[in-house]
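Counted from 1, the sequence shown has number 380 at position 67 by our numbering; the numbering is strictly sequential. For every residue, glycine included, the Cβ atom is placed at its ideal position computed from N, Cα and C. One structure is given below, encoded as structure tokens.
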Amino acid sequence: MAGPRGRGRADSRCPACGAPLLIQWVGDTAALQARVDLPPPDEPRPYGPAAAASTPNDLVWCLPRRPFGALRLRWTSGRHPPDCPHQHLLTHQCPPTTLF
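Here it is in structure tokens:
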């Protein structure tokens, strides 16, 4: 029997579409809850295309994957290096579905 699913773990799922998500509170003073798609670790997600696809109301999140330890999102700013080697993720958006 599997244990309870925790917030921010790799087995979190979107209740609407079932996509694997990473859900985390990011920040210390003014924390935001980030809900991002969790891609496979070897899938490249460069900063440039993520920044171009973001909207003014959507942040780009940087996900460094360390060999040991939990996944921890970091928010990006205007000073984020454009050649950052980590995955860059946007807020999860469920794919459009039809009712009929």
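- Closest option to P353, judged by alpha-carbon separation, among H399, A329, F381 and L345: H399.
- Here the C-alpha atom of P359 lies approximately 11 Å from the C-alpha atom of V373.
- Within the segment 329 to 369, complete beta strand (DSSP E) segments of at least 3 residues are found at 333 to 339 and 345 to 350, given in chain order.
- Membership of C375 in the beta strand (DSSP E) is indicated by the continuous run W374 to L376.
- Shown here, Q400 sits in a strand according to DSSP, grouped into three states.
- Counting only residues of its own chain and dropping the five nearest sequence neighbours on each side, R348 has a CB closer than 7 Å to the CB of L334, I336, T404 and H405.
- Taken atom to atom, the span from the alpha-carbon of P369 to that of L351 is near 22 Å.
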